[in-house]
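>
Numbering (the numbering used here), first residue to last: 138 to 205.
1) Measuring only the C-alpha atoms, how far is residue 202 from residue 182?
2) Determine the DSSP secondary structure at residue 201, reduced to helix, strand or coil.
3) Please name the residue in 175, 146, 185 and 167 whose C-alpha comes closest to that of residue 199.
4) Take residue 145 as the anchor and find which of 167, 178, 169 and 170 has the nearest alpha-carbon.
5) Helix or strand or just coil, what does DSSP make of residue 184?
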């Protein structure tokens, strides 16, 4: 069986104003990871990452400023 595992990190918990800042995907076939992987960081633009979110995932606006 093929499965895709998605992981996201966001700038906060407000779905109206916060943004996805990290996205990762891993493919499993018969519960074994394949070499098919995806990982990207995203710059949230003018959205300020909340202190609480940064404490959880460790990502901040300064680090993300170099990504699209």
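Backbone N, C-alpha and C define an ideal beta-carbon position, used for all residues, glycine too.
The model shown is predicted, which means the values in this text are computed figures rather than measured ones.
If we stick to the structure as given:
1) Residue mapping note: residue 202 aligns to position 65 of the chain shown, counting from 1. Residue mapping note: residue 182 aligns to position 45 of the chain shown, counting from 1. About 8 Å.
2) For the purposes of this step, residue 201 is taken as residue 64 along the chain shown, with counting starting at 1. Helix, per DSSP.
3) For the purposes of this step, residue 199 is taken as the residue at position 62 of the chain shown. The alpha carbon of residue 199 has as its nearest neighbour, out of 175, 146, 185 and 167, the alpha carbon of 185.
4) If you number the chain shown from 1, residue 145 lands on position 8. Measuring from the Cα of residue 145, the nearest candidate turns out to be 178.
5) As a position in the chain shown, residue 184 is number 47, starting the count at 1. In the three-state DSSP reduction, residue 184 falls in the coil class, being neither helix nor strand.
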